[in-house]
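Residue numbers for the sequence shown follow the numbering used here, so the first one is 1 and each next one is one higher. Every residue gets a Cβ at the ideal spot worked out from N, C-alpha and C, and that includes glycine. Keep in mind it's a predicted model, so treat the numbers as computed, not measured.
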Amino acid sequence: MDFWPEFLASSWGKEFVGGGIGGVAGVVSGYPLDTLRIRQQHSTSGSALSVLRNIVSNGGPTALFRGMGAPLASVTFQNAVVFQTNAVLCRVIDPAASQTRPPSYKAVALGGFGTGALQSLILTPVELIKIRLQLQDLGNSSHSDVGSSRLGPMQVAKNIFKTEGYRGLYRGLTITMLRDAPSHCFYFWTYQFMREKLHPGCRNTGQESLRTMIVAGGLAGVASWVCCYPLDVVKTRLQAQSKISFQKYNGIMDCFYKSVKEEGYSVLWRGLGTAIARAFVVNGAVFSAYELSLRCLFSNGGLHADHTI
Numbered sequence: 001m002d003f004w005p006e007f008l009a010s011s012w013g014k015e016f017v018g019g020g021i022g023g024v025a026g027v028v029s030g031y032p033l034d035t036l037r038i039r040q041q042h043s044t045s046g047s048a049l050s051v052l053r054n055i056v057s058n059g060g061p062t063a064l065f066r067g068m069g070a071p072l073a074s075v076t077f078q079n080a081v082v083f084q085t086n087a088v089l090c091r092v093i094d095p096a097a098s099q100t101r102p103p104s105y106k107a108v109a110l111g112g113f114g115t116g117a118l119q120s121l122i123l124t125p126v127e128l129i130k131i132r133l134q135l136q137d138l139g140n141s142s143h144s145d146v147g148s149s150r151l152g153p154m155q156v157a158k159n160i161f162k163t164e165g166y167r168g169l170y171r172g173l174t175i176t177m178l179r180d181a182p183s184h185c186f187y188f189w190t191y192q193f194m195r196e197k198l199h200p201g202c203r204n205t206g207q208e209s210l211r212t213m214i215v216a217g218g219l220a221g222v223a224s225w226v227c228c229y230p231l232d233v234v235k236t237r238l239q240a241q242s243k244i245s246f247q248k249y250n251g252i253m254d255c256f257y258k259s260v261k262e263e264g265y266s267v268l269w270r271g272l273g274t275a276i277a278r279a280f281v282v283n284g285a286v287f288s289a290y291e292l293s294l295r296c297l298f299s300n301g302g303l304h305a306d307h308t309i
C-alpha cells in the first residue's frame, strides 16, 4: 500500500485540487463564526450573542458571510501550498521517511513551523482585506479606507494599495508570521498524533475512518488557535487600522500594552470560545475533504479510506 498520499503526491495538480476542496470546505463551514470572532476582537465589550445580534440586525444574515470572496479566491492556491510545503519540509527534515515509514513527529512539527512562516507571505494581504470587509458596517475611522459604502474585496484592495502602496497590503506581516509559525507546528503535529491515537496504525495505512479525520482535524485546529490566540487579537487590531485613519497602535508591543491597560488581560482572550468552535468545525472539514478528495484523485487501488462513521 502506498504511504499517506500528501507525502508522496506525484502530481501537483492533484495536490492543488485536494487542497482547494479542503480549503473551500473549511471557509464555507466556518466563515460566520470567523466574522463573529473578528467583531468580538475589535469591540471593547459585548458577549458573542450580543455581537451576533448586532451583526444580523444591522446587515442581515448575509453580513456573516461578508468578505468571504477574498479567502475563497485564494484558498485553492493557499491551502495546496500549505499542505504541499509541509510534505516537502517533512521529507527534508526526516529523509528516512518512506512508503513504509511515516515522518517522525519531530519532522511533522518542524515542517509545520516552516510552513506557517512561509504561509504568512500569502495570508497577510488576504486576511487584511477580509478584516476590513468584516468591520465595514461599524463605520468608524479605524477602517475608513472602506468607508460607509459596502465595497467588494477588489475595491478594498485597490483602496489600500492606492493609499498605502504594497506595504499597506502587508500590514501585519510580522505579527501574522509570529502567529502562524508556532500555530502550524501544533496544527500538523496534533493532527498526526490524534489520528494515530484514535485509529492506531493509520499513519502507515491511511485507512482511518471519516470520524477519525473529523475529530483529529478539529482538535488540531483547536490546538493551533489556543497556542497563539493573544497574537491573533493583536493582529486583528493592527490590521483594522489604515494609514489614512487615526493610528491608535504603533506596533505589536504598543498594541499589547494599550489593549491590556485599557481593557485588562482578558482582552487577549476575547472571542476565544468562538474561535475554538470555528476551529473544530473548519479543520474537521478541511482535513476530511482534503484526505477524501486525494483518495479519489489517487484511486489506484492503494489509496482508500474506511468512510464509516
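### Task
Could you check the C-alpha separation between alanine 97 and arginine 91 for me, to the nearest Å?
6 Å
### Task
Assign glycine 30 to buried or exposed, taking buried as 16 or more other Cβ atoms, counted over all protein chains shown, within 10 Å of its Cβ.
buried
### Message
Quick check on serine 47: does DSSP put it in helix, strand or coil?
### Response
coil
### Message
Can you find the residues in the same chain that come closer than 8 Å, C-beta to C-beta, to isoleucine 175, ignoring five residues on each side of it along the sequence?
### Response
Result list for isoleucine 175: Leu231, Val234, Lys235, Leu238, Ile252, in chain order.
#### Entry: Residue from Val51, Glu127, Asp254 with nearest C-alpha to alanine 73
Glu127
### Message
Between Pro71, Asn79, Gly273, Trp269, which has its C-alpha nearest tyrosine 290's C-alpha?
### Response
Asn79
### Query
If we ignore side chains and look at the alpha-carbon of each, how far apart do serine 183 and phenylalanine 113 end up?
Between serine 183 and phenylalanine 113, the C-alpha separation is close to 7 Å.
### Burial state of glycine 60, where buried means 16 or more other Cβ atoms lie within 10 Å
exposed
### Message
Let me make sure I understand the geometry here. Which of Thr212, Asn204, Gln207, Phe186 has the alpha-carbon closest to that of glycine 221?
### Response
Phe186
### Query
Quick one: is glycine 23 buried, meaning 16 or more other Cβ sit within 10 Å of its Cβ, or exposed?
buried
### Query
If we ignore side chains and look at the alpha-carbon of each, how far apart do lysine 158 and alanine 223 end up?
35 Å
### phenylalanine 113, enclosing alpha helix (DSSP H) - first and last residue
Here the alpha helix (DSSP H) through phenylalanine 113 covers 105-134.
### Query
Relative to the alpha-carbon of alanine 63, which residue among Lys162, Gln40, Thr35, Gln84 has its alpha-carbon at the smallest distance?
The option with the nearest alpha carbon to alanine 63 is Thr35.
### Query
For glutamine 40, which three-state DSSP category applies?
helix
### Task
Counting only the same chain and skipping the five closest in sequence on each side, list residues whose C-beta sits under 7 Å from that of glycine 217.
Tyr191, Asn283, Gly284, Val286, Phe287, Ser288
#### Entry: Among Tyr265, Asp180, Gly201, Gly152, nearest to glycine 69 - alpha-carbon criterion
Gly152
#### Entry: tyrosine 257, buried or exposed, once every other Cβ within 10 Å from all chains shown has been counted against 16
exposed
### Message
Let me confirm a value: valine 156 is counted as buried when at least 16 other C-beta atoms fall within 10 Å, else exposed. Which label applies?
### Response
buried
### Query
So, using beta-carbon positions, are proline 95 and arginine 203 closer together than 8 Å?
no
### Message
Once the 5 residues before and after leucine 121 are set aside, which same chain residues still bring their CB inside 8 Å of it?
### Response
Leu173
### Message
Can you confirm whether glycine 26, when its beta carbon is compared against all beta carbons of chain D, has any partner nearer than 8 Å?
### Response
In the structure shown, chain D cannot be found, because there is only a single protein chain.
### Task
Taking only runs that begin and end inside the region 146-191, name each unbroken alpha helix (DSSP H) of 4 or more residues, in chain order.
Fully enclosed alpha helix (DSSP H) runs of no fewer than 4 residues occupy 153-169 of the region 146-191, in order along the chain.
#### Entry: Cα-Cα separation, threonine 274 to leucine 297
34 Å
### Query
How many Å lie between aspartate 180 and asparagine 58 at the Cα?
The C-alpha of aspartate 180 lies about 32 Å from the C-alpha of asparagine 58.
### Message
Rounded to the nearest angstrom, what separates glycine 67 and glutamine 134 at their Cα positions?
### Response
6 Å
### Task
Go ahead and pull the three-state DSSP assignment for cysteine 296.
helix
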